[in-house]
Structure formats: structure tokens, C-alpha cells
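Participant:
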Amino acid sequence: DTGVSQDPRHKITKRGQNVTFRCDPISEHNRLYWYRQTLGQGPEFLTYFQNEAQLEKSRLLSDRFSAERPKGSFSTLEIQRTEQGDSAMYLCASSTGTPGEQYFGPGTRLTVT
Amino acid sequence: GEDVEQSLFLSVREGDSSVINCTYTDSSSTYLYWYKQEPGAGLQLLTYIFSNMDMKQDQRLTVLLNKKDKHLSLRIADTQTGDSAIYFCAESAGYQKVTFGIGTKLQVIP
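Protein chains in written order, with the working numbering: chain D, 101 to 213; chain E, 3 to 112.
(1) Between Gly-103 (chain E) and chain D, is there a C-beta pair that is closer than 8 Å?
(2) Checking 8 Å against the spacing of the C-beta atoms, do Val-14 (chain E) and Thr-64 (chain E) come in under that value?
(3) Mind checking whether Val-6 (chain E) and Ser-75 (chain E) have CB atoms under 8 Å apart?
(4) Which value, in whole angstroms, describes the spacing of the CA atoms of Leu-161 (chain D) and Met-57 (chain E)?
(5) Classify Ala-153 (chain D): buried if its beta carbon has 16 or more other beta carbons within 10 angstroms, exposed otherwise.
(6) Cα-Cα, which of E:Thr-27, E:Ser-29, E:Thr-106 is closest to Asp-85 (chain E)?
(7) Could you tell me whether any Cβ in chain E is nearer than 8 Å to the Cβ of Gln-154 (chain D)?
(8) Using alpha carbons as the reference points, say which of D:Asp-107, D:Gly-103, D:Thr-102 lies closest to Tyr-190 (chain D).
(9) With 8 Å as the threshold, decide whether the Cβ of Gly-207 (chain D) is near any Cβ in chain E.
(10) Leaving out five residues on either side along the sequence, give the residues of the same chain with a beta carbon under 7 Å from the beta carbon of Ser-187 (chain D).
(11) Hey, Leu-45 (chain E) and Phe-204 (chain D): beta-carbon distance below 8 Å or not?
(12) Does DSSP put Asp-124 (chain D) in a helix, a strand or coil?
(13) Considering only their Cβ atoms, is the gap separating Thr-102 (chain D) from Thr-176 (chain D) smaller than 8 Å?
(14) Just to confirm my understanding: we take Ser-158 (chain D), look at its own chain, exclude 5 residues before and 5 after, and list those with CB closer than 6 Å. What are they?
(15) What residues from the region 43–70 of chain E come within 9 Å of chain D, judged by C-beta to C-beta, listed N to C?
(16) Grab me the residues of Tyr-33 (chain E)'s own chain with a C-beta within less than 6 Å of its C-beta, minus the 5 sequence neighbours each way, in chain order.
(17) Would DSSP call Asp-85 (chain E) helix, strand or coil?
(18) DSSP three-state call for Asp-60 (chain E): helix, strand or coil?
(19) Can you name, in chain order, every residue of its own chain whose Cβ lies under 6 Å from the Cβ of Gln-8 (chain E), other than the five neighbours on each side?
(20) Does the beta carbon of Ser-72 (chain E) come closer than 8 Å to any beta carbon on chain D?
(21) Could you have a look at Gln-8 (chain E) and say whether DSSP puts it in helix, strand or coil?
(22) I'd like to know if Gly-142 (chain D) contacts chain E, where contact means its C-beta is closer than 8 Å to some C-beta of that chain.
(23) Between the alpha carbons of Asp-28 (chain E) and Tyr-35 (chain E), how many angstroms are there, rounded?
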């Protein structure tokens, strides 16, 4: 049973560069979520897909952030013109039609220098 | 808006029971969760409770919900050193986003 996977696990980038992260959900899960977690805080919701449709976006998701799930399977999260404040752990989660159960991946740790 | 609050730190002796408390503000919360995060690891869903339930028990874990006071607690019986982690209380209204608290760091003293 493979869980949610994320790639890369770590990314170091210079301020102003673009980065893209990938999330592969559990295969039968049609819902996919992105969260951001900074040190000492709980995860904060960024956006949510049901199949390929992006149904909700947080105010945290500025114009520099874009997420896609083109075929309703894997998803990508792109951050353009990265800023030091973007440094965080980016978490992906997936779920089936059972509300209340989201399964998280290991996260991608982004460091912007 | 939604807000979830929990204490930052709890220390217990191995073998004792741990009780981690949480309060939430969103009256439309339908599901309330407890997640566990170990150092360097992802979030693990421990258990969740529907808002129309008062209690849920799962092996060493007992969740109590006081909907009137918007208070949720997690009791871990016979706490072990492997239970040392950060525990997040969280809530959602259904399929949508989950709102997390700041996390309670549980330290188990051998």
C-alpha cells in the first residue's frame, strides 16, 4: 500500500527563482489538498482539488502560487519569484469520498536563501 | 472565522495517562481530528470524531467532545516513550480544508 508521495523532499533555492513541487496521491483518492507548515505552527490550508477541479483557494495563495492537477491524479504546486517568507514545509494530502480522513505525504521542505 | 487553540506543551511519566485539550470556535465544524507528527515525519491521522458524537475510543486513545463548550480532548492511556510527538487538534466542515491548531508537544519521561 503506497501512501502519498512528494518530490522533492528538500529544495534550496535563491530568492527570485521559480520552484515546482509534485504530489502523487493515494491512487483511488479523488481529493487532493496542499498545506504549508512553518516552524512551530500547524499546517495552513492552501488549496484543494476534487479530481482535476480546483475548488477552493486560501487567501494565503498569492498570485505567485499556482497549483494544477491536470488529469485528476498527481498535482503540482509552483511558486514563482520565491521570497524568503516562502520558506516552509509544503504538505500534500489526499482523501477518498469519506470526509474526515486526509492522508498526508512527507512534505517538501523549501528553503529560500 | 475558524480558530483552533491548544496548549503548547505537556509532560507525563511513562505509564501515566496523557490528556491533551483543544478548543475550537467554528460552530459548523463537522469533524474533529487528532493528528500526530513525529520529528522529521509527516502528519499521521490518529483518530477523528463526528460532531454528533460525545466520545470515541480506539485502543489506548479516547476522544471526548463537548460540543456545547467546543472542547475536544485526547486521552492516551498507558503513555509510552513512543508517544512522544506533537499532537495537532484540527477541525473541518466536511470535504473541505482542515484547520489545525498550533500543536501540543508531548514529552514522555521514562
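Beta carbons: idealized from backbone N, C-alpha and C, even for Gly.
Facilitator: On the basis of the data shown:
(1) Translated into positions along the second sequence, residue 103 (chain E) becomes position 101. It does: the Cβ of Gly-103 (chain E) has a partner Cβ on chain D nearer than 8 Å.
(2) Looking up residue 14 (chain E) in the second sequence gives position 12. Looking up residue 64 (chain E) in the second sequence gives position 62. No; because the gap between Cβ atoms is not below 8 Å, this pair is not in contact.
(3) One-based indexing of the second sequence puts residue 6 (chain E) at position 4. One-based indexing of the second sequence puts residue 75 (chain E) at position 73. No.
(4) Counting from 1 along the first sequence, the entry for residue 161 (chain D) is found at position 61. Counting from 1 along the second sequence, the entry for residue 57 (chain E) is found at position 55. Roughly 36 Å separates the two Cα atoms.
(5) The residue labelled residue 153 (chain D) in the question sits at position 53 within the first sequence. That one is exposed.
(6) Residue numbering aside, residue 85 (chain E) sits at position 83 when the second sequence is read from its first letter. Answer by Cα proximity: E:Thr-106.
(7) Locating residue 154 (chain D) in the first sequence gives position 54, where the first residue counts as 1. Not one chain E Cβ lies under 8 Å of Gln-154 (chain D).
(8) Along the first sequence, one-based indexing puts residue 190 (chain D) at 90. When each option's Cα is compared against that of Tyr-190 (chain D), the closest is D:Asp-107.
(9) Taking the first sequence and counting its residues from 1, the one referred to as residue 207 (chain D) is at position 107. Chain E, which has a Cβ nearer than 8 Å to the Cβ of Gly-207 (chain D), makes this yes.
(10) Numbered from its first residue, the first sequence carries residue 187 (chain D) at position 87. Leu-210, Thr-211, Val-212, listed in sequence order.
(11) Position 43 of the second sequence, counting from 1, holds the residue named residue 45 (chain E). Position 104 of the first sequence, counting from 1, holds the residue named residue 204 (chain D). Contact: yes.
(12) Position 24 of the first sequence, counted from the start, is the residue given in the question as residue 124 (chain D). Reduced to three states, the DSSP call for Asp-124 (chain D) is strand.
(13) By 1-based counting over the first sequence, the position of residue 176 (chain D) is 76. By 1-based counting over the first sequence, the position of residue 102 (chain D) is 2. Taking 8 Å as the Cβ cut-off, Thr-176 (chain D) and Thr-102 (chain D) do not qualify as a contacting pair.
(14) Against the first sequence, residue 158 (chain D) aligns to sequence position 58. Closer than 6 Å at Cβ, skipping near neighbours: Phe-145, Leu-146.
(15) Ala-43, Gly-44, Leu-45, Gln-46, Leu-47, Tyr-50, Ile-51, Phe-52
(16) Taking the first residue of the second sequence as 1, we reach residue 33 (chain E) at position 31. Closer than 6 Å at the Cβ level, and outside the excluded window around Tyr-33 (chain E), lie Tyr-50, Ser-94.
(17) Walking along the second sequence from the start, residue 85 (chain E) turns up at place 83. Three-state DSSP puts Asp-85 (chain E) in a helix.
(18) As a working note, residue 60 (chain E) is residue 58 in the second sequence. Strand, per DSSP.
(19) Along the second sequence, one-based indexing puts residue 8 (chain E) at 6. Excluding sequence neighbours, Gln-8 (chain E) sits near Cys-24, Cys-91, Gly-103, Thr-106.
(20) Sequence index remark: in the second sequence, residue 72 (chain E) carries index 70 (1-based). According to the sequence provided, residue 72 (chain E) is Lys. The question's Ser does not apply to it. No, its Cβ sits nowhere closer than 8 Å to a Cβ of chain D.
(21) Residue mapping note: residue 8 (chain E) aligns to position 6 of the second sequence, counting from 1. Strand at Gln-8 (chain E).
(22) For the purposes of this step, residue 142 (chain D) is taken as the residue at position 42 of the first sequence. Yes, Gly-142 (chain D) counts as interfacial toward chain E.
(23) Position 26 of the second sequence, counted from the first residue, corresponds to residue 28 (chain E). Position 33 of the second sequence, counted from the first residue, corresponds to residue 35 (chain E). Taking the straight line from one Cα to the other gives about 14 Å.
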